[in-house]
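Residue numbers (the numbering used here): 25 to 405.
No residue lacks a Cβ here, since even glycine has one placed at the ideal position from N, Cα and C.
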């Protein structure tokens, strides 16, 4: 995903076994994903035509809102597989870069945009679930507009963050042979500088700063926001244990206060007294908490929080975030090791460490499986 090594050979190097293996895997994965992308595009298109189911008061559910997240995640997955993976497979099979400097810049820019948008969409899904908990579950038209603004910000941020790629990468011929590679300007300058030049340390510092920026924006910053969102969300939900999701809004309306305030009272008489005493108050508190907004519904905080963990959208969001972290983490840890010991990083990379990148590509296959499950049940936030 990064390939920012500052070492350039003055002769055409021999192929590494890891490069051959990676090229074969990339070809297989890209070919397989074409069929997955076609099927998923049809399913998303078909799902878009389905009228969102209604909730308690007849307002449209959040089905279309989560559909926007799924569509954005699908677009970024397609960019990763059809731009980054496919071009890299050709690059490894040809064993040289054949698309010139303009192609090198474009490839690095769109590849970076794909990874940034993918990671940021997962982060946006986590933020959306967080806002759903802390805004009493605003659903309907207001949530749909919020989702669109959030995704516009995600793609705009990814676009701006990827712009340095247009200035950092170039096609370069390091040897007398007609053999070019797509490398960073830092690697080119280090290759041209004498070994005793005092500027080498400065160029290496710039290279490290660029690498740190790219890694942070692509993975570590979105990961921090995602984890923080779920930790804060769970800290809000845990006090309402047990998370028994009630399928009937009427039943939940009647039992919410009893569940929260009397969950530890096991005496049968006290429980019956609690239900009889607080049933009407629970109804009154929910009516006062409901704010009439055009195209929008607010559920009371206690009702919304208890419903949260059992919803299809919430479960899918958690699964998408978990799969993203698990599959992206190994490669990013290896990339992070270069800041500690660059020699160790080079050894690991040349001996199969880059194959961990295949896990990131597998995430593009896992995402459709996760968010395609239970599509018809997406009406509950």
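Name the DSSP beta bridge partners of residue 205, please?
Sequence index remark: in the chain shown, residue 205 carries index 181 (1-based). The partner list for residue 205 (beta bridge, DSSP) reads 196.
Cβ pair count under 8 Å reaching 3, the stretch 217-230 against the stretch 336-348:
Between the stretch 217-230 and the stretch 336-348 there are fewer than three C-beta pairs closer than 8 Å, too few to call the two in contact.
If we ignore side chains and look at the alpha-carbon of each, how far apart do residue 177 and residue 337 end up?
One-based indexing of the chain shown puts residue 177 at position 153. One-based indexing of the chain shown puts residue 337 at position 313. If I take the Cα positions, the gap works out to 21 Å.
Endpoints, the alpha helix (DSSP H) within which residue 69 is located:
Translated into the one-based positions of the chain shown, residue 69 becomes position 45. Note, residue 69: alpha helix (DSSP H), 41-72.
How long is the line joining the alpha carbons of residue 55 and residue 49, rounded to whole angstroms?
Locating residue 55 in the chain shown gives position 31, where the first residue counts as 1. Locating residue 49 in the chain shown gives position 25, where the first residue counts as 1. Cα-Cα distance, rounded: 10 Å.
Using only the alpha-carbon positions, how far apart do residue 312 and residue 259 sit?
Numbered from its first residue, the chain shown carries residue 312 at position 288. Numbered from its first residue, the chain shown carries residue 259 at position 235. Below a pLDDT of 50, predicted positions are generally treated as unreliable, and residue 312, at 45, falls in that range; the measurement from the model is reported next regardless. Approximately 26 Å, taken between the alpha carbons.
Tell me which same chain residues have a C-beta within less than 6 Å of the C-beta of residue 47, skipping the five on either side of it?
Counted from its first residue, the chain shown places residue 47 at position 23. If we look at residue 47 and ignore the five residues flanking it on each side, its Cβ neighbours are 113, 116 and 117.
Quick check on this structure: which residue in 226, 153 and 140 has the alpha carbon closest to the alpha carbon of residue 181?
What you label residue 181 is simply residue 157 of the chain shown in a count that begins at 1. The shortest Cα separation from residue 181 among 226, 153 and 140 belongs to 140.
Which residue comes first and which comes last in the alpha helix (DSSP H) that contains residue 223?
The count along the chain shown starts at 1 and reaches residue 223 at position 199. Taken as a continuous stretch (DSSP letters only), the alpha helix (DSSP H) holding residue 223 covers 223-239.
Could you tell me if residue 375 is buried or exposed, where buried requires 16 or more neighbouring beta carbons within 10 angstroms of its beta carbon?
Translated into positions along the chain shown, residue 375 becomes position 351. The residue is exposed, with fewer than 16 neighbouring Cβ atoms inside 10 Å.
Just to confirm, are residue 388 and residue 107 a CB contact at a threshold of 7 Å?
As a position in the chain shown, residue 388 is number 364, starting the count at 1. As a position in the chain shown, residue 107 is number 83, starting the count at 1. Not in contact: residue 388 and residue 107 (Cβ atoms no closer than 7 Å).
Applying the criterion that 16 or more other CB atoms from any shown protein chain within 10 Å of the CB defines a buried residue, is residue 96 buried or exposed?
The residue given as residue 96 occupies position 72 in the chain shown. That one is buried.
Of the listed residues 373, 53 and 206, nearest to residue 41 (C-alpha basis)
Mapped onto the chain shown, residue 41 falls at position 17. Nearest to residue 41 by C-alpha distance, out of 373, 53 and 206, is 373.
Comparing alpha-carbon positions, which option in 228, 354, 254 and 381 lies nearest residue 366?
Stepping through the chain shown from its first residue, residue 366 is reached at position 342. Cα-wise, what sits closest to residue 366 is 228.
Smallest Cα separation from residue 352: which of 368, 363 and 379?
Taking the chain shown and counting its residues from 1, the one referred to as residue 352 is at position 328. Of the candidates 368, 363 and 379, 379 places its Cα closest to the Cα of residue 352.
Look at the alpha carbon of residue 151 and the alpha carbon of residue 249, and state the distance between them as a whole number of angstroms.
Within the chain shown, numbered from 1, the residue matching residue 151 stands at position 127. Within the chain shown, numbered from 1, the residue matching residue 249 stands at position 225. Roughly 8 Å between the two C-alpha positions.
Do you know how far the Cα of residue 208 is from the Cα of residue 38?
If you number the chain shown from 1, residue 38 lands on position 14. If you number the chain shown from 1, residue 208 lands on position 184. If you take the alpha carbons of residue 38 and residue 208, they lie about 21 Å apart.
Just verifying my parser: in three-state terms, what is the DSSP assignment at residue 120?
Walking along the chain shown from the start, residue 120 turns up at place 96. Residue state, collapsed to three classes: coil.
Taking the straight line between their C-alpha atoms, what separation do you get for residue 348 and residue 386?
Taking the first residue of the chain shown as position 1, residue 348 is located at position 324. Taking the first residue of the chain shown as position 1, residue 386 is located at position 362. Rounded to the nearest angstrom, the two C-alpha atoms are 10 Å apart.
Report the option in 194, 188, 154 and 217 whose CA atom is closest to the CA atom of residue 236.
Here residue 236 corresponds to residue number 212 of the chain shown, with the count starting at 1. The shortest Cα separation from residue 236 among 194, 188, 154 and 217 belongs to 188.
Take residue 390 and list the residues in its own chain whose beta-carbon comes closer than 6 Å to its own, dropping the five residues that flank it on each side.
Within the chain shown, residue 390 is the residue found at index 366, counting from 1. Cβ neighbours of residue 390 beyond the five flanking positions: 347.
Kindly list the residues whose CB is nearer than 7 Å to the CB of residue 247, restricted to its own chain and excluding five residues on each side of it in sequence; keep chain order.
Position 223 of the chain shown, counted from the start, is the residue given in the question as residue 247. Counting only Cβ-Cβ distances below 7 Å, and skipping sequence neighbours, we find 349.
Opening and closing residue of the alpha helix (DSSP H) in which residue 36 lies:
Against the chain shown, residue 36 aligns to sequence position 12. No alpha helix (DSSP H) contains residue 36, which DSSP labels as neither H nor E.
Beta-carbon contacts of residue 170 that lie in its chain and below 6 Å, excluding the five residues immediately before and after:
In the chain shown, residue 170 corresponds to position 146, counting from 1. None.
Assuming contact is defined by CB atoms lying nearer than 7 Å, are residue 128 and residue 195 in contact in what I supplied?
Reading the chain shown from its first residue, position 104 is the one you call residue 128. Reading the chain shown from its first residue, position 171 is the one you call residue 195. It is a contact, given that the beta carbons lie within the stated cut-off.
Compare the C-alpha of residue 238 against each of 145, 216, 184 and 201 and name the closest.
Here the question's residue 238 lines up with position 214 in the chain shown. It is 184 whose Cα lies nearest to the Cα of residue 238.
Put residue 144 into one of helix, strand or coil per three-state DSSP.
By 1-based counting over the chain shown, the position of residue 144 is 120. Helix, per DSSP.
So is the beta-carbon of residue 201 under 6 Å away from any non-hydrogen atom of the ligand MN?
Because no ligand of any kind appears in the structure shown, any question about the ligand MN cannot be addressed here.
Would you mind sorting residue 233 into buried or exposed? The rule is 16 or more other CB atoms within 10 Å of its CB.
Position 209 of the chain shown, counting from 1, holds the residue named residue 233. Exposed.
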